[in-house]
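Protein chains in written order, with the numbering used here: chain E, 49 to 516; chain Y, -13 to 402.
Even for Gly, the Cβ is constructed at its ideal location relative to N, Cα and C.
As structure tokens, then:
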């Protein structure tokens, strides 16, 4: 049962009547009885809520930053018209609008209501409940009931670095087809035989083929295809730190201009108010790393390599292997969507042994983590030789632009102390980078906006050098 | 508008009832939506305005009219029921008018050469009446004064009041005869033997004068002729002057002021009119109306308190900036004034950037680096060595200066 503002207004107007009534005591009792009677009549005449039937339809997948529409069909099999308010409750970070809808369904009919979701966070969002308040004909009171109408929508990573893909694919084509390498090297394979033209390296002349034919024939080579790329995403505590400026506001950010200002702020299920006035928290390293991993996967699958994926902190959080080229990207975003950074220290030894168990043949292991001296020295560095001896290892890390900004701070003692602290961190990162390179590991350390193209370029460089 | 309600027709496929459009208008009729919205908003404001105006006006209309708030027969009151005009005229004729609101003061002020006026507005208890009656002053009693039997012993009022109107003296009393017709009525009396009765109404006089124990006592049935309203009519003024101006001093006993009503209690005011607290002034219905308002507030609480469905909870990711550890380290340096460590970090960073540009191996000796930098930039060797490898500065200003020096060296190496 629920009352409305009208009931309260009637009760308040009753005070005026009581003021001028000859027998005020009786007037108070009379008004109370009258109101109670009207409320009971209204409740009896209101359409039944319990009998309503609900069916959902709509989208199951949405990219972060986009909106999805979820339909809710309300069917009223009862004898009376149901008129009132409906709330389709979703978790706050699903960004569901409108929060409450006025609706009316005559007896025996159906209506379709639409809820627009604009999620502010990756992952799976489950519909919570549908609550209906059916008001009586007088609008004084209503019946209220809650139905469970399950639906879930998966919010995928946005893959913002998609814009870098065409340029990188063009360079890949240059390496691949149009400029076959004439020199044989590690990671190249035999491509074809063709006639010698002036300028070709005489060392690449295939004498046996030349002997069979009247012409001089040379062998050409091309970068090896069907290499394996294993992308390992570190989901430990260092990946939770937020860096850069969020291209899409995530849940918990002070949402600026998210188009929600027009709706009534009902207080409940709104986004939790973040401490305003602080510098923007940005995106977690994990999300930047995912973006880079998606670009690399798209590029590598076009280059004919097989891409596997593993997310690991102290155990396997998600993995993908053996996906076909056509559906690699969609499977990858699907696998990535629910991954969250865990606030635990990553287990470097466990990660290396898992990688070794999964990668039988030599492959390129791309480790997306942070060059955090403490966690790397304790966890990964001691076991890295096991990995780098069998595979080609590339470590990609997201640098923090704020540290760079702090390092250039001058003028006051305060800023110089901050600059010293930032320089110290950068010094440690350089030291770790040098250590890793000493182990034969490739290192990519780039700012958040540059990490995806930088990683793609590093991959292309390895490919061109035939080191895969 | 993101709210949209579209029809999903039932399987039977009947025509869509018009109620379908009730929940939200389609966007095509944008102006209609705006107008309705404005009207809806204005409607609420206008309703509130009307209620406020009604609340202000209705009690005013319903309150009993005619009460102009004046004090009846008070020589200081200028309203229609007051007698200020009479007091002024008396003062012009050399009569000292003393206005008292206290029986004790009246008794003290009244001597044999004064006239004591008691009206029906005066508050006099039985004991007070006896004290007044014992005073040597003459008395003028106007209207239905309390304890008439004591103040004017021997005069018996008739129970039925007569209408006050202009009447003829019809007697031999000089004051009345000189004044002529006057506005009198109210009580009519039966005077004692030897009294003079004038202005008869229904056969009995409404003005009686007689002598009691050497004092002249005059009783008038109604005080209307003395008021500011009637003083200028007929012979009212003359009659009032003749009656009230007989002695050189006039002591006028008036009702106590409302403001010091609490003081009136101890001087023996009338019990019936005394105990009027704030609660008595408030109408009886207020308490019940407040109770009704409390009920209304309770209903409103139920209305607002009932939420539409449960609170939705969600597990949110932690929000921590990656740079927080660096900021914390910077604050620690600052708090401990760790100039040595800060200097070390700044110099190491500068050296890491300078040394590769000079073409030196990363593990080059300090003297080698300093010499190379001095040669490249043309700076003084000692200065360069102090900047790059000297002792840590002793104060914060020195640290800031060192940072600037390092920057300059680095810039010079880069640009040279």
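The alpha carbon of residue 82 of chain Y has as its nearest neighbour, out of Y/67, Y/142, Y/101, Y/89, the alpha carbon of Y/101. In summary, residue 384 of chain E is buried, with 16 or more beta-carbon neighbours lying within 10 Å of its beta-carbon over all protein chains present.
Within the same chain, Cβ atoms closer than 7 Å to the Cβ of residue 290 of chain E are found at 329, 330, 331, 332, the five residues on either side in sequence being excluded.
Under the rule that a run must span 4 or more residues, the alpha helix (DSSP H) segments found entirely inside the region 259 to 330 of chain Y read 264 to 267, 271 to 291, 310 to 322.
Against chain Y, the beta carbon of residue 465 of chain E has neighbours under 7 Å at 316, 319, 320, 328, listed in chain order.
Residue pairing of residue 74 of chain E in beta bridges, as defined by DSSP: absent, with no partner found.
Annotation note: the region 95 to 158 of chain E contains the following uninterrupted beta strand (DSSP E) runs of length 3 or greater, listed N- to C-terminal: 101 to 106, 109 to 111, 116 to 123, 130 to 136, 149 to 153. Closest option to residue 349 of chain E, judged by alpha-carbon separation, among E/472, E/166, E/148, E/369: E/369. For residue 182 of chain E, no alpha helix (DSSP H) run applies; the uninterrupted beta strand (DSSP E) run containing it begins and ends at 178 to 183, by DSSP. CA-to-CA, the gap between residue 68 of chain E and residue 89 of chain E works out to about 28 Å. CA-to-CA, the gap between residue 239 of chain Y and residue 207 of chain Y works out to about 17 Å. Chain-order list of chain Y residues neighbouring residue 391 of chain E: 304, by C-beta distance under 7 Å. Residues of the same chain with a CB within less than 8 Å of the CB of residue 104 of chain Y, apart from the 5 flanking positions on each side, are 110, 118, 125, 126, 127, 128, 131, 137, 239 in chain order. Under the rule that a run must span 4 or more residues, no alpha helix (DSSP H) segment is found entirely inside the region 345 to 374 of chain E.
For residue 503 of chain E, there is no enclosing beta strand (DSSP E); the residue is found in the alpha helix (DSSP H) stretching over 499 to 512. About 7 Å separates the beta carbons of residue 235 of chain Y and residue 84 of chain Y, which is inside the 8 Å limit, making them a contact pair. Using a CB distance cut-off of 9 Å, residue 339 of chain E does not count as an interface residue toward chain Y.
Exclusion of the five residues before and after residue 431 of chain E leaves 396, 397, 400 as the residues of its chain whose Cβ lies within less than 6 Å of its Cβ. The region 165 to 190 of chain Y contains, as complete beta strand (DSSP E) runs of 3+ residues, the segments 168 to 172, 182 to 187 (chain order).
Residue pairing by DSSP places residue 238 of chain E opposite E/269 in a beta bridge. Boundaries of the alpha helix (DSSP H) around residue 397 of chain Y: 382 to 401. Using beta-carbon distances, residue 398 of chain Y does not count as an interface residue toward chain E, since no partner is under 9 Å.
Judged by beta-carbon spacing, residue 160 of chain E lies beyond the 9 Å limit of residue 347 of chain E, meaning their Cβ atoms are not closer than that value.
At least one CB atom of chain E sits nearer than 9 Å to the CB of residue 296 of chain Y. In the three-state reduction of the DSSP assignment, residue 485 of chain E falls in the helix class.
Distance between residue 197 of chain Y and residue 64 of chain E, taken at the CA atoms: about 60 Å. For residue 309 of chain Y, at least one C-beta of chain E is nearer than 9 Å to its own C-beta. Look at residue 171 of chain E here: in three-state DSSP terms it is strand. Taking all protein chains shown into account, residue 49 of chain E has fewer than 16 neighbouring C-beta atoms within 10 Å of its C-beta and is therefore exposed.
Between residue 88 of chain Y and chain E, the shortest Cβ-Cβ separation is not below 9 Å. The C-alpha of residue 490 of chain E is placed about 6 Å away from the C-alpha of residue 441 of chain E. Against chain Y, the beta carbon of residue 79 of chain E has neighbours under 9 Å at 278, 281, listed in chain order. By the C-beta criterion, the region 126 to 141 of chain E is judged to be in contact with the region 177 to 187 of chain E, since at least 3 inter-stretch pairs fall below 8 Å. Within chain E, the residues 72 have their CB atoms less than 8 Å from the CB of residue 270 of chain Y, given in chain order. At the C-beta level, residue 457 of chain E and residue 470 of chain E come within 9 Å of one another. Here residue 165 of chain E is near residue 117 of chain E, since their CB atoms are less than 9 Å apart.
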